[in-house]
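Participant: In order, the protein sequences belong to chains A and B. Quick note: to get the numbering used here, add 1 to the position in the first sequence (first position is 1). Quick note: to get the numbering used here, add 1 to the position in the second sequence (first position is 1).
Protein chains: 2
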Amino acid sequence: MYLNDIIKSKEEVNILKKNVLMNITYGMYLVGSKYKNNYSGMISTTVCQSTSEPETITVIINKDNYTHDLIEKSKKISISILSTETTFELIGKFGFNSGRDTDKLIGVNYIMGDNDVPVITTSMTAYIEAKVINSFDIGTHTIFFAKVTKTDNLDDKVPMTYEYYHTVIKGTSPKNAPTYSLNATIESNDDNKYKCSTCGYVYDESSKGNIKFDKLHENWVCPVCGMHKIGFNKI
Amino acid sequence: MYLNDIIKSKEEVNILKKNVLMNITYGMYLVGSKYKNNYSGMISTTVCQSTSEPETITVIINKDNYTHDLIEKSKKISISILSTETTFELIGKFGFNSGRDTDKLIGVNYIMGDNDVPVITTSMTAYIEAKVINSFDIGTHTIFFAKVTKTDNLDDKVPMTYEYYHTVIKGTSPKNAPTYSLNATIESNDDNKYKCSTCGYVYDESSKGNIKFDKLHENWVCPVCGMHKIGFNKI
Numbered sequence: 002m003y004l005n006d007i008i009k010s011k012e013e014v015n016i017l018k019k020n021v022l023m024n025i026t027y028g029m030y031l032v033g034s035k036y037k038n039n040y041s042g043m044i045s046t047t048v049c050q051s052t053s054e055p056e057t058i059t060v061i062i063n064k065d066n067y068t069h070d071l072i073e074k075s076k077k078i079s080i081s082i083l084s085t086e087t088t089f090e091l092i093g094k095f096g097f098n099s100g101r102d103t104d105k106l107i108g109v110n111y112i113m114g115d116n117d118v119p120v121i122t123t124s125m126t127a128y129i130e131a132k133v134i135n136s137f138d139i140g141t142h143t144i145f146f147a148k149v150t151k152t153d154n155l156d157d158k159v160p161m162t163y164e165y166y167h168t169v170i171k172g173t174s175p176k177n178a179p180t181y182s183l184n185a186t187i188e189s190n191d192d193n194k195y196k197c198s199t200c201g202y203v204y205d206e207s208s209k210g211n212i213k214f215d216k217l218h219e220n221w222v223c224p225v226c227g228m229h230k231i232g233f234n235k236i
Numbered sequence: 002m003y004l005n006d007i008i009k010s011k012e013e014v015n016i017l018k019k020n021v022l023m024n025i026t027y028g029m030y031l032v033g034s035k036y037k038n039n040y041s042g043m044i045s046t047t048v049c050q051s052t053s054e055p056e057t058i059t060v061i062i063n064k065d066n067y068t069h070d071l072i073e074k075s076k077k078i079s080i081s082i083l084s085t086e087t088t089f090e091l092i093g094k095f096g097f098n099s100g101r102d103t104d105k106l107i108g109v110n111y112i113m114g115d116n117d118v119p120v121i122t123t124s125m126t127a128y129i130e131a132k133v134i135n136s137f138d139i140g141t142h143t144i145f146f147a148k149v150t151k152t153d154n155l156d157d158k159v160p161m162t163y164e165y166y167h168t169v170i171k172g173t174s175p176k177n178a179p180t181y182s183l184n185a186t187i188e189s190n191d192d193n194k195y196k197c198s199t200c201g202y203v204y205d206e207s208s209k210g211n212i213k214f215d216k217l218h219e220n221w222v223c224p225v226c227g228m229h230k231i232g233f234n235k236i
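(1) For the 8 Å Cβ check, are there 3 or more pairs between the segment 157-172 of chain A and the segment 32-45 of chain B?
(2) Can you find a CB in chain E that lies within less than 8 Å of the CB of residue 217 of chain B?
(3) Would you mind stating whether residue 55 of chain B and residue 24 of chain A have Cβ atoms separated by less than 8 Å?
(4) Show which residues of chain B have a CB atom less than 7 Å away from the CB atom of residue 117 of chain A.
(5) Does residue 208 of chain B pass the burial test, meaning 16 or more other C-beta atoms within 10 Å, or should it be called exposed?
(6) Mind checking residue 29 of chain B: buried by the 16 CB within 10 Å criterion, or exposed?
(7) Less than 6 Å between C-beta atoms, sequence neighbours within five positions excluded: which residues of the same chain meet that for residue 223 of chain A?
(8) Mind checking who residue 121 of chain B pairs with in its DSSP beta bridge?
(9) Note down, in chain order, every chain B residue with its Cβ under 8 Å from the Cβ of residue 153 of chain A.
(10) State the beta-bridge partners of residue 225 of chain B as determined by DSSP.
(11) Check distances from the C-beta atoms of the segment 22-40 of chain A to those of chain B and list, in chain order, the residues that come in under 7 Å.
(12) Residue 84 of chain B lies in the beta strand (DSSP E); which residues open and close that run?
(13) Out of B:83, B:141, B:236, B:212, which has the shortest C-alpha to C-alpha gap to residue 163 of chain B?
(14) Report the neighbours of residue 142 of chain B on chain A: residues whose CB is nearer than 8 Å to its CB, in chain order.
(15) I want to see whether chain A comes within less than 8 Å of residue 131 of chain B, judged by CB atoms only; does it?
(16) Assuming residue 128 of chain B and residue 153 of chain B form a contact by the criterion Cβ under 8 Å, report the distance between their Cβ atoms to the nearest whole angstrom.
(17) Can you pull the DSSP bridge partners for residue 44 of chain A?
(18) Since residue 56 of chain B is in the beta strand (DSSP E), which residue starts that stretch and which ends it?
(19) Any Cβ of chain A within less than 8 Å of the Cβ of residue 73 of chain B?
(20) In three-state terms, what does DSSP make of residue 92 of chain A?
(21) Per DSSP, what kind of secondary structure is residue 97 of chain A in: helix, strand or coil?
(22) Any contact of the segment 54-70 of chain B with the segment 108-122 of chain B, i.e. 3+ C-beta pairs under 8 Å?
(23) Relative to the C-alpha of residue 167 of chain B, which residue among B:85, B:18, B:225 is closest?
(24) Can you list, in chain order, the residues of the segment 89-113 of chain A whose Cβ is nearer than 9 Å to any Cβ on chain B?
(25) Residue 72 of chain B lies in the alpha helix (DSSP H); which residues open and close that run?
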């Protein structure tokens, strides 16, 4: 079994310079699926075209994600390609909350795809519909190999890269993402900033209108993911 | 067999707007392998991290590539991450020639990896060594799923994206790449330019020092891939 082979020792982990993997380029995608009446969507960086004849894509998803379950059952995928105009709030809604607990379609624009999966259109550049042909077990994640069944443009915007998200929007990866461990390499010497341990949202005391973090109401929660104050760390 | 399922009709092809898939973001990588004394390397856009515990990557490669054969036999991969300083000539050397016919190590700097596979270092940002754990057949291509065994930085350069390659360096995809069909969407109304059908190199008559294409010597060949004049088309 290959799963046994991929367990590696602590020593092996230590020889990897994790920031090297930050040199791999990714885009930002909203991957959705629907099974019966249940829809969910999530933010993914690991979408790529895999063959051109026929046109297929691969999407790599953590098994813990609700969207993973829905794709496994329905074999249907919708992918919206984020633009540089996509807000941190929308990313937070889809990236740091589970579709098991919340209705992710509330408050966003979407169209119903030909494959009966909602396609989120708010601030997206284009979308892809696909049907799973095969799936490959790679331990914590599954590679879904899917045939592209429809593509269309939504707006003439610039696709968002992970680099842009990381440096401009200042987000971090959720715990289930393949790139999660990269977050450990992000360091900051800024004072007066507190980062949400769940979604990466940063509360900056020095921003106009903000009060001291210690003075925030005890019921205050992270505006992106709803984490309580206790889940924030000074950075 | 899933391979039968992925054959689609002409009608299906026609409903895909191919330029949509250009919205997917890729980086540029030099993927190499070595089996016994045979080395080859090629340019790939389809490298991504697939899990973080342990750290693994997936690399998607066309079965026609010599590098594919070498990876299949040796299970060893070296990946150099291209920078914006990587030249079109280097990309042409690795992207549009086969290691079956040429010694790709001539004229480039490289170090020998811990896994005994040469790692090209000329104008690269960083490199990754990996060992194949499993491989998945997806028709024209194979997905190699590999454990990262070593990573290191090479230089403080900016990683090259496919977008950068496409718009700044003005290259096109080789015929074996997953993104090959995207080239069909590139149009130009420029006069006096001739594009190599093999590698995408453009001969521009108006460039300083260039003569008319028709006046080029009959033995003149593409400076990047060696294609003869007959392989050029006016664009």
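Even glycine gets a Cβ: it sits at the ideal position worked out from N, Cα and C.
Facilitator: Concretely, from the data shown:
(1) no
(2) The question asks about chain E, but that chain is absent: this structure's protein chains are A and B.
(3) The sequence position of residue 55 of chain B within the second sequence is 54, counting from 1. The sequence position of residue 24 of chain A within the first sequence is 23, counting from 1. No, these two residues do not count as a Cβ contact at 8 Å.
(4) Counted from its first residue, the first sequence places residue 117 of chain A at position 116. The contacting residues do not exist; residue 117 of chain A stays about 17 Å from chain B at best.
(5) Stepping through the second sequence from its first residue, residue 208 of chain B is reached at position 207. So residue 208 of chain B counts as exposed.
(6) Position 28 of the second sequence, counting from 1, holds the residue named residue 29 of chain B. Buried, since its Cβ has 16 or more Cβ neighbours within 10 Å.
(7) Within the first sequence, residue 223 of chain A is the residue found at index 222, counting from 1. Closer than 6 Å at the Cβ level, and outside the excluded window around residue 223 of chain A, lie 197, 202.
(8) Position 120 of the second sequence, counted from the start, is the residue given in the question as residue 121 of chain B. Paired residues: B:111.
(9) Sequence index remark: in the first sequence, residue 153 of chain A carries index 152 (1-based). Per Cβ cutoff of 8 Å: 18, 21.
(10) What you label residue 225 of chain B is simply residue 224 of the second sequence in a count that begins at 1. Paired residue(s): none; residue 225 of chain B is not in a bridge.
(11) 22, 24, 25, 26, 27, 28
(12) Residue mapping note: residue 84 of chain B aligns to position 83 of the second sequence, counting from 1. Taken as a continuous stretch (DSSP letters only), residue 84 of chain B belongs to no beta strand (DSSP E), as it is neither H nor E.
(13) Against the second sequence, residue 163 of chain B aligns to sequence position 162. Nearest of B:83, B:141, B:236, B:212 to residue 163 of chain B, Cα basis: B:83.
(14) The count along the second sequence starts at 1 and reaches residue 142 of chain B at position 141. Correct list: 51, 52.
(15) Taking the second sequence and counting its residues from 1, one reaches residue 131 of chain B at position 130. Answer no: the Cβ-Cβ gap between residue 131 of chain B and chain A never drops below 8 Å.
(16) As a first step, residue 128 of chain B must be located in the second sequence, where it is residue number 127. As a first step, residue 153 of chain B must be located in the second sequence, where it is residue number 152. Rounded, the Cβ-Cβ distance is 6 Å, consistent with contact.
(17) Here the question's residue 44 of chain A lines up with position 43 in the first sequence. In DSSP, residue 44 of chain A forms a bridge with A:31.
(18) Taking the second sequence and counting its residues from 1, the one referred to as residue 56 of chain B is at position 55. Per DSSP, residue 56 of chain B belongs to the beta strand (DSSP E) from 56-63.
(19) As a first step, residue 73 of chain B is located in the second sequence; it is residue number 72 there, counting from the start. Output row for residue 73 of chain B: interface = no.
(20) Here the question's residue 92 of chain A lines up with position 91 in the first sequence. Looking at residue 92 of chain A - three-state DSSP - the assignment turns out to be helix.
(21) Working through the first sequence from its first residue, we reach residue 97 of chain A at position 96. DSSP places residue 97 of chain A in coil when its eight states are reduced to three.
(22) no
(23) Stepping through the second sequence from its first residue, residue 167 of chain B is reached at position 166. The option with the nearest alpha carbon to residue 167 of chain B is B:85.
(24) none
(25) Working through the second sequence from its first residue, we reach residue 72 of chain B at position 71. Where residue 72 of chain B is concerned, the enclosing alpha helix (DSSP H) stretches over 67-75.
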